[in-house]
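First residue of the sequence shown: 347, per this note's numbering; consecutive thereafter.
Quick reminder that beta carbons are idealized off the backbone N, C-alpha and C, glycines included.
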Amino acid sequence: MTTSTLTDRLGSLETFNQSALDRFLEKRIDPLWLSAKRKEAWEIYQSLDWPNPRDENWMRSDIRGLKLSKFAPNVDESTQIASGSPVRLLDGVDVSASARSVNGVVVSETLDEKLSAKGVVVGSLSRCAREHSGIVEKHLHSLICPKSDRFAALQTAMWSDGFLVYVPRNVRIELPIHLHAALGDGQVDLSHTLIVLEEGAEATVLFESSSPDPMASGFHCGGVELIQHGNSHLRYVNLQDWGKGSWHFAHQRASVGRDAQLQWTVAAMGSRFAQVDQRVQLVEPGASSQVNGVMFTQDRQHLVYNTLQHHNAPHCNSDFLYKSVLQDRSRTVWRGMIKVSPGAQKTDGYQRNDNLMLSDAARADSIPGLEINADDVRCTHGSTSGRVDEELIFYAQSRGFTRSEAIRMIVTGFFQQIFDRITIESVREALGAAIARQVRQYE
347 MTTSTLTDRL GSLETFNQSA LDRFLEKRID PLWLSAKRKE AWEIYQSLDW PNPRDENWMR
407 SDIRGLKLSK FAPNVDESTQ IASGSPVRLL DGVDVSASAR SVNGVVVSET LDEKLSAKGV
467 VVGSLSRCAR EHSGIVEKHL HSLICPKSDR FAALQTAMWS DGFLVYVPRN VRIELPIHLH
527 AALGDGQVDL SHTLIVLEEG AEATVLFESS SPDPMASGFH CGGVELIQHG NSHLRYVNLQ
587 DWGKGSWHFA HQRASVGRDA QLQWTVAAMG SRFAQVDQRV QLVEPGASSQ VNGVMFTQDR
647 QHLVYNTLQH HNAPHCNSDF LYKSVLQDRS RTVWRGMIKV SPGAQKTDGY QRNDNLMLSD
707 AARADSIPGL EINADDVRCT HGSTSGRVDE ELIFYAQSRG FTRSEAIRMI VTGFFQQIFD
767 RITIESVREA LGAAIARQVR QYE
């Protein structure tokens, strides 16, 4: 398919044009530096073509059904309330701070007064760009380049709001921070999440996205930047459960400094189509990252994850494990790369992707890769794909379990390796329950 044909398929794009940008900027109260950055990104957006199916990262992505002309950018900061969007990560959990957005605009914020007195900031990124301009200007889009593709340029130019979490030097937050993004049927979310931990800081952030109707449509084009300075510790959980008619595009980045530790857990269950570009940069000696991924797909869902573990400094460790369960005619694509820069000696990098298919019509593509430019490293990768073992089902049924119960146990056991790596009990329980609810019986 040619680029021009793809553009025709995407629609006339009348809702995302210069006039829409002008109205968007007129309604906002942005600092001058931010307005300039938006206009620069818009010029990049206009200069780029839509992703070409011949591009390696997009050759297994089918976005012909996306009609951007059906969606309008959120020009006003007022927003339609998406009531009833499920929240799964809060059961039995006390939090130190929380924020909620609807259709890309933050509608509520809370923060413990003691943490606020220590300089912790949690809340609307749009508001913080004005009230904490120094923090936001220094870090916003420092990891995501609008030239990456047209979706990145669009999001950089027209992000409506989002969340900022800022933890000052040596401040350790014991209770989790909870962030929730809700997307109404037919609505747009161009939000951005920026999390900054200064030297010696520690925090746990639980982020989840959902729709009020499990079959809701919508368009999400977002960005996530996790920035960790020396000796900081971040546990970041991202549960994506948009409506099954939604389109989900995201650029997600992490930068991990000297002796800092990142545990990043991803659970992807929602959206009609998702294309996520997830990258972890280990930028100083002693940096460590663990990325855990759970994908569960059904119907005709199509989820694509392109991941990169980039070792830029010596004596760094990266540990990556994604597991996917697929049913019906769904499809997943995982393309992973460990990249070791020259001079990044004593690198220890690991990546693995395992897939379990519950139906003959499901399909999983796994493409691991290594790019090594140093000679004193240890890097390994691998992947497996297979069907449900009927002998295991028969064994469980012979002990009194129904076929559905047997399949649920097999799926839970398949994900157990991931669950064991998650150090937050409430997250383990929430993910296990959410997955169990979606497993159907297959004969």
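Alpha-carbon to alpha-carbon, residue j and residue i
i	j	result
Ile-573	Glu-751	42 Å
Thr-351	Phe-362	Here Thr-351 scores only 46 on pLDDT, less than 50, and its place in the model is too uncertain to base an answer on.
Arg-767	Ala-382	43 Å
Glu-483	Val-517	22 Å
Lys-700	Asp-721	Note that residue 700 is Asp in the sequence shown, not Lys. Each residue's Cα considered, the two are about 28 Å apart.
Arg-599	His-648	22 Å
Ser-444	Arg-581	16 Å
Ser-358	Leu-414	Below a pLDDT of 50, predicted positions are generally treated as unreliable, and Ser-358, at 45, falls in that range; the measurement from the model is reported next regardless. Cα to Cα, the separation comes out at about 8 Å.
Asp-645	Gly-465	46 Å
Arg-473	Val-640	33 Å
Met-683	Ala-499	24 Å
Gln-691	Ser-634	14 Å
Ala-560	Phe-619	For the record, residue 560 in the displayed sequence is Pro; it is not Ala. Each residue's alpha carbon lies about 14 Å from the other.
Gly-532	Leu-540	26 Å
Arg-355	Leu-412	Unreliable placement is indicated for Arg-355, whose pLDDT of 48 sits below 50; the coordinate value is still reported in the next sentence. For Arg-355 and Leu-412, the distance between alpha carbons rounds to 7 Å.
Ala-779	Lys-385	44 Å
Phe-370	Asp-535	14 Å
Ala-596	Val-570	8 Å
Gly-746	Gln-784	22 Å
Val-622	Val-448	21 Å
Ser-729	Ile-713	8 Å
Arg-774	Leu-552	12 Å
Asp-458	Ser-442	6 Å
Gly-469	Leu-510	6 Å
For residue i, the residue or residues it bridges with in DSSP
i	result
Pro-714	Gly-682
Gly-639	Val-612, Tyr-668
Ile-541	Val-511, Leu-572
Glu-455	Ala-445
Thr-758	Looking at the DSSP assignment, Thr-758 forms no beta bridge with any residue, so it has no partner.
Cβ-based burial, residue i [other Cβ within 10 Å; buried from 16]
i	result
Gln-364	exposed
Ala-527	buried
Thr-678	buried
Asn-741	The identity of residue 741 in the sequence shown is Tyr, whereas the question assumes Asn. Answer is exposed; the Cβ neighbour count stays below 16.
Met-347	In this predicted model, Met-347 has a pLDDT of only 44, less than 50, meaning its place in the structure is not dependable enough to derive any value.
Asp-401	exposed
Asp-395	exposed
Thr-643	buried
Glu-737	exposed
Ser-393	exposed
Asp-587	buried
Gln-501	buried
Gln-743	exposed
Ala-710	buried
Ile-781	buried
Trp-379	exposed
Gly-689	exposed
Limits of the unbroken alpha helix (DSSP H) element including residue i
i	result
Gln-364	364 to 373
Cys-474	471 to 477
Leu-572	Where Leu-572 is concerned, there is no enclosing alpha helix (DSSP H), although the beta strand (DSSP E) it sits in stretches over 563 to 574.
Phe-740	736 to 743
Gly-778	771 to 784
Gln-392	378 to 393
The beta strand (DSSP E) enclosing residue i, as first and last residue numbers
i	result
Val-602	591 to 602
Lys-669	663 to 672
Asp-623	619 to 628
Ala-527	523 to 528
Arg-733	723 to 733
Arg-581	579 to 587
Gln-501	Note, Gln-501: premise wrong, no beta strand (DSSP E); alpha helix (DSSP H) at 496 to 504.
Phe-747	Neither: Phe-747 is in no beta strand (DSSP E) and is coded neither H nor E.
Glu-548	548 to 556
Thr-361	Thr-361 -> no beta strand (DSSP E), and no H or E assigned at all.
His-656	648 to 657
Option nearest residue i by Cα separation, candidates the options
i	options	result
Asn-719	Val-602, Asn-398, Arg-754, His-657	His-657
Ser-601	Thr-643, Gly-715, Leu-628, Gly-759	Leu-628
Lys-460	Val-513, Arg-604, Asn-638, Gly-532	Val-513
Thr-693	Leu-536, Val-468, Ser-617, Leu-716	Leu-716
Val-453	Ala-499, Ser-407, Ser-506	Ser-506
Asp-376	Leu-471, Val-467, Asp-395	Leu-471
His-566	Val-583, Gly-591, Arg-709, Cys-491	Gly-591
Gln-762	Pro-399, Gly-508, Ser-670	Ser-670
Ser-556	Leu-525, Ile-409, Val-511, Leu-654	Leu-525
Gly-603	Val-439, His-661, Ile-739, Ser-431	His-661
Val-451	Arg-434, Asn-420, Leu-436	Asn-420
Lys-493	Ser-407, Pro-397, Ser-578, Arg-410	Pro-397
Ala-776	Ala-366, Arg-410, Pro-432, Arg-374	Pro-432
Ala-659	Gly-568, Ala-613, Val-612, Val-626	Val-626
Ile-770	Met-755, Ser-617, Val-583	Val-583
CB contact below 8 Å: residue i versus chain C
i	result
Glu-483	Absence of chain C from the displayed structure is noted, only one protein chain being present.
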